[in-house]
Structures are given as C-alpha cells and as structure tokens.
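Note that the protein sequences, when read in sequence, are chains A and B. Just so you know, numbering that gives the first Met the number 0 puts the end of the first sequence at 312, numbered straight through with nothing missing. Just so you know, numbering that gives the first Met the number 0 puts the end of the second sequence at 255, numbered straight through with nothing missing. Read the structure below first, then the notes.
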Amino acid sequence: MIEVTNLTKRYGPHLAIDGLNFTVAKGEVVGFLGPNGAGKTTTMKIITGYMAPSDGSVKVAGFDVFENPVEVKQRIGYLPEVPPVYTDMYVNEYLTFVAKLKGVPSEKIASMVDSSLQKTNLQEVHKRLIKNLSKGFRQRVGIAQALVSDPEILILDEPTVGLDPKQVAEIRHLIQELRKSHTIILSTHILPEVQASCERIIIINRGRIVAEDSLEGLSRKMSRGQRIFLKIRRNSKELVDSIASLDGVRKVESVDGNGVLHVDTDETEDLLERLSDHVVKKGVGLLEMRSSTFNLEDIFLKLTGSESHIAKH
Amino acid sequence: MRGFLTIGWKDLKGILFNPIFFVVGGCCTTVWGFSFWTGLRRFIGSMQMAAMMGQGRGGMDIHGGFFVQHISLVNLILLLAVPALTMRLIAEEKKLRTYDLLLTSPVTATQIVAGKLFAGIGAAFALVALSFLYPVSMAFFTDFDWGPLISSYLGLLFLAAGYVAIGIFCSSLTESVVLAVVAALILNVGLWFLGTGTDIVEGTFSTALFEHLSIGTHLVGFVKGTVRVSSIVFFVSLVALYGFLTQRVIESSRWR
Chain A
0 MIEVTNLTKR YGPHLAIDGL NFTVAKGEVV GFLGPNGAGK TTTMKIITGY
50 MAPSDGSVKV AGFDVFENPV EVKQRIGYLP EVPPVYTDMY VNEYLTFVAK
100 LKGVPSEKIA SMVDSSLQKT NLQEVHKRLI KNLSKGFRQR VGIAQALVSD
150 PEILILDEPT VGLDPKQVAE IRHLIQELRK SHTIILSTHI LPEVQASCER
200 IIIINRGRIV AEDSLEGLSR KMSRGQRIFL KIRRNSKELV DSIASLDGVR
250 KVESVDGNGV LHVDTDETED LLERLSDHVV KKGVGLLEMR SSTFNLEDIF
300 LKLTGSESHI AKH
Chain B
0 MRGFLTIGWK DLKGILFNPI FFVVGGCCTT VWGFSFWTGL RRFIGSMQMA
50 AMMGQGRGGM DIHGGFFVQH ISLVNLILLL AVPALTMRLI AEEKKLRTYD
100 LLLTSPVTAT QIVAGKLFAG IGAAFALVAL SFLYPVSMAF FTDFDWGPLI
150 SSYLGLLFLA AGYVAIGIFC SSLTESVVLA VVAALILNVG LWFLGTGTDI
200 VEGTFSTALF EHLSIGTHLV GFVKGTVRVS SIVFFVSLVA LYGFLTQRVI
250 ESSRWR
C-alpha cells in the first residue's frame, strides 16, 4: 500500500531523514517510534504530500506522491501533531467542511460525519464551538477529521497526546477497530502505545531506521534468553553467588540490596524449576518470582541510546 | 472545482460572520455617512448659489459635482479596509496549523487560491454594496443619470478585487496578520504612487507605460462613464498576477 524508497529530506545542511526504505502492506498497523526529532513527523508529512522529499520517492496505492498528489491525498486521512481545527467553527460544521474538502459525495456527508462523531465519542459536543473544547476533545476532533472521509490509509502523528488515560484507552480501542478496514501508520514516543496497537514497529533515530520488526521479533532479536525477577526476604552475598553458579545463569544482579534480584539466564526450559528449588532449599524466604522478556522500553533505549550500539545492530 | 467552492464558501462565511467585518463595516459607514451628508449640504449650497445668480443648474450635475467625491472616498476607504478583511485568509490558517489540512487534502494550490479570492472578493463586494446605498438613496429625491454611477461602481468592484488579490498575496507570505495588513497597505499605496511615475520620466513610451500602470487613469475612465476594455484587462491582470504569485507561494511549501 505504501512504498517508501530511499527517502531523504534535508533542511539546509541538516539531514532530517536519511535514506529511509520501508513498505507497509494493506491492512497493516505500523508504529513509528523514535525520540523527539528523529524524523517521524517529517516522514509522515512527506507521505501525505505536505512536502516533497529532497531525494527518493513515496508511492501510495501505486501513485507517486509528488506526481499524483491529488490521487494520493484522496486516500489518506492525516492527523498532524497539532489538530488542524478552525477554532471558530462548530464541531459538526467543521467535520462537514472537511468531508466536502476531501471529496465525499454530498449525499454521504451527513452519515460520514455522524459515524466519525460516533467513533471518536464526540456526540455530546458536536454542537459546540471548537474554541471552547478542551485539549483532549480537540485532539479527538482531529482524529474524527482524519476519519471523516473513510480513507484507506490513516496517518496519525501522536494520536493520544493530551488525552486522559480513559480516552487513551478508547483511542487504542478505536485503532483496534479501524485496523480491520484501514492501513494505519502511527507515530509516537510513548512505548506502551505501540505495544498496545501495532503489528509492526519501525524504530527511527536521527533520520535512520535502526530496527524494523514485529514486537516479538524485536524482543527476540534483542535478547536470546530471559530475565527472572526474584524477591527474597533474607538476601546475602552467598545466595547471589550460589545462584550465579547454577547451570544456565548468565548474570545475577542484586538490585537495591533489599532482596530484589535480576537473574539473566539462557533459555533453558527447566531453569525456572531448578532456580525456584534452589532458592526454596536455601530457606531464604522466596517472596516473589516472575520471568520477563525484555520490554520495548529496553529495546528502544538500547537502539537509540548510542550511535556505536546502532552500528552493531 | 468543488474544492474551490468549499473553501470559498467557508472563508466567505468566516469573514462575514466575524466581528472584524462588523467593526470594519461600521467604521466605513460612519465615515461615508458623515462625508456624504456634508458633501450633500455643500452641493445643495452651491446649487442654490448658482440658481440665485440665474445660471439655472450652473452646469453642475449630481454625478460630477457630488457622487465623484463619494466614490473617491470609497476608493480610499477600500484601500485601507480590504487588507483588514483579507489579512486572516491564509496567515491565520498557517498560525492555527489548519494549513496542514488544506495542503494534505485532495485540492490543488490553484483551487485553494481561487477559493480564497472568491471569499475575499465576496466580502469586499459586500463593502462596496454598502457604499452604493448612499448614492442610491438620492433616487428618492431626484432623477439622475444612472449610467456614470453604475460604471463608476463597476470600476470600484474591479479595484476592490485588485486590493483583495494583493491582500491575499501578503497574507500568504506570513503567519502574522499584522504583517499581512501592513504589507498589503504598502503595496496598495504603492500601486497608486506608480501613477505619479509619469511626472518623472520623459519620452512617450515610458509616459504611456506609467499611465497604463496607474490605477488612477483606469478608475477615472470608469468614473467618467467610459468602460474601456484596456481598463478591464488591467484590473483582471492585476488579480491574475497576485493570484498567480499566491499560488506559487502555496505551492512552494511542497518543495521548500
């Protein structure tokens, strides 16, 4: 659905994005992840046809963004960083305007506006001036605006910024709903968001793709093995050493001296059993034990942390 | 086509229902009303004087002796008021970031400019229509020749459209509405001063050139009741020129 080839954008001497290559298949939900200033917004703006790349090309549904901008724009619903709302219009009036602008046939406008109001839970404010709405509601009007023409592709730049936790959950739910019928690219620097909604993650840093995979794939790639979290009532140096000497344990770390241990291990199946047996036999008071794979945050920090690290992966 | 009308209607409503339009309209009618009244008194006075001296109407007609004064005031006010109406058209979009919406919608830069021109010209015509009420009101008291009045107003409409195109161009250059107004005022006034170039150049060609570029020459034609094709072409090309420049400015955000 979206093909990005060798995409480069320079702002004067500053290289905002540098040779990006990726494709997004129809119906996929792709998370664009990166620290501030990584080039997420620039990439999205180029895909939407807002600006042209310095080099490279973007094809949406087979149309080149620069050569057939109108064809491409008809297929895209875009929520920019700042919701593009006219503050002196009513919510209803605004969405009707956007629907017309996006070329929705006139007989369908009313129903499309209604359904986008419904999807974003805006029914109770649809007769209010956008000026008087809170930031969260404005953000939702922004999302409704992207949905109103029922585009094939949705590009959402940080869709949950400014929303309260309940609304964030609603938006995630909405994205889950939309994934059935739309191709979605969403950018964020909030990690749980990607974890919750995306099938595939593209991590970019300083204008380059540093990782591109599914969440599980990324976790696997980053660490073969797992980390076991132990909480023990009577911790001692001796216990730490004895755990470290177990077969399959790579590293034991006493985290705060209060009996919390991080045990990094190889992926051996019976290790959990042996480890728990070992701790129980020692009679040190096992309070808690759980295994965790590395979460996205670890991966993200690892990948965007230092240039030397990026080069290695 | 539809995109242009969608943008045009939305912006026209945006201007006409905005308090700024009422303030601008109120100021304009105050000035016009006062000047129309004093002008009328003066005109009646001179008519009576002429009658007393036994010269009949004294060769004075209501158009040349009175309406022309009103029309030149309308022109002056439009020069100042139109930038206030057009200032928000693009600058405000940039400031509110709704510009992103326009540029990512399936409309071309030409359609955007056409929509903005439609809205601006519509609002400016509303102002011109307000000023038309004053001379029309005289029809209740006396008969006069409508021809020159209507051709003068045709000229004013063309002129207003020119100011609008300049205002929109200035609005497209900046995010600041204040800067947009100031720039538009400077360009509008500059356009009038271009006509004074005839005084400083010699040679028939350059004199003719400046005469043709002078708004004054063209407007005077309309006021005198002669509608010349060259004048219409002048105003239409003025609108087209600034419309084109605005289109380039909008288009440039794609490759800048």
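We treat Cβ as the ideally placed atom computed from N, Cα and C, and that holds for glycine. It should be emphasised that the depicted structure is a prediction, and the values quoted were computed from it without experimental measurement.
Item: Proximal residues, the segment 30–55 of chain A versus chain B, C-beta separation under 7 angstroms; Value: Thr47, Gly48, Tyr49, Met50, Ala51
Item: Contacting positions in the segment 100–116 of chain A - beta carbon closer than 7 angstroms to chain B; Value: Leu100, Lys101, Gly102
Item: Chain A residues whose Cβ lies nearer than 7 angstroms to that of lysine 9 of chain B; Value: Phe96
Item: Beta-carbon gap between isoleucine 170 of chain A and threonine 159 of chain A smaller than 8 angstroms; Value: yes
Item: Other residues of its chain near glycine 114 of chain B: CB distance less than 6 angstroms, five sequence neighbours each side excluded; Value: Phe3, Ile6, Gly7
Item: Contact the segment 117–129 of chain B vs the segment 69–82 of chain B: 3+ CB pairs below 8 angstroms; Value: yes
Item: 8 angstroms Cβ cutoff, arginine 1 of chain B in contact with chain A; Value: yes
Item: Range of the contiguous beta strand (DSSP E) that encloses isoleucine 70 of chain B; Value: It is not in any beta strand (DSSP E) - isoleucine 70 of chain B instead sits in the alpha helix (DSSP H) that spans 67–85.
Item: Contact under 8 angstroms by Cβ, valine 57 of chain A with valine 3 of chain A; Value: yes
Item: Which of helix, strand or coil DSSP assigns to valine 147 of chain A; Value: coil
Item: Interface residues of chain A facing valine 105 of chain B [CB-CB closer than 7 angstroms]; Value: The amino acid at residue 105 of chain B is misidentified as valine; the sequence shows proline. Those within 7 angstroms of proline 105 of chain B in chain A are Val69, Lys72, Gln73, Lys101, Gly102.
Item: Exposure label - lysine 126 of chain A; buried when at least 16 CB within 10 Å; Value: exposed
Item: Interface flag, tyrosine 89 of chain A vs chain B, CB-CB below 8 angstroms; Value: no
Item: DSSP state of histidine 308 of chain A mapped onto helix, strand, coil; Value: Since pLDDT at histidine 308 of chain A reaches only 41, below the 50 mark, its modelled position is unreliable, and the value read off the structure follows with that caveat. Note: histidine 308 of chain A maps to helix in three-state DSSP.
Item: Residue closest to lysine 39 of chain A, alpha-carbon to alpha-carbon, out of A/Pro12, A/Thr22, A/Glu80; Value: A/Glu80
Item: Partner residues on chain B for proline 12 of chain A, Cβ-Cβ distance less than 9 angstroms; Value: Correct list: empty, because the minimum Cβ distance to chain B is about 15 angstroms.
Item: For glutamine 246 of chain B and threonine 109 of chain B, the rounded distance between their alpha carbons; Value: 6 angstroms
Item: Residue-chain proximity (arginine 96 of chain B, chain A), Cβ-Cβ < 8 angstroms; Value: yes
Item: Exposure label - arginine 87 of chain B; buried when at least 16 CB within 10 Å; Value: buried
Item: Classification of glutamine 47 of chain B by the beta-carbon crowding that lies within 10 angstroms, buried from 16 upward; Value: exposed
Item: DSSP state of aspartate 276 of chain A mapped onto helix, strand, coil; Value: helix
Item: Length at least 4, wholly inside the segment 23–77 of chain A: the alpha helix (DSSP H) runs in chain order; Value: 39–46, 68–73
Item: CB contact check: serine 252 of chain B to chain A, cutoff 8 angstroms; Value: yes
Item: Coarse secondary structure for phenylalanine 209 of chain B, derived from DSSP in three states; Value: helix
Item: Integer-rounded CB distance, given that isoleucine 184 of chain A should sit under 8 angstroms from methionine 43 of chain A; Value: 7 angstroms
Item: Within-8 angstroms CB hit, valine 317 of chain A to chain B; Value: Past the edges of chain A, shown from 0 to 312, lies residue 317 of chain A, and the structure says nothing about it.
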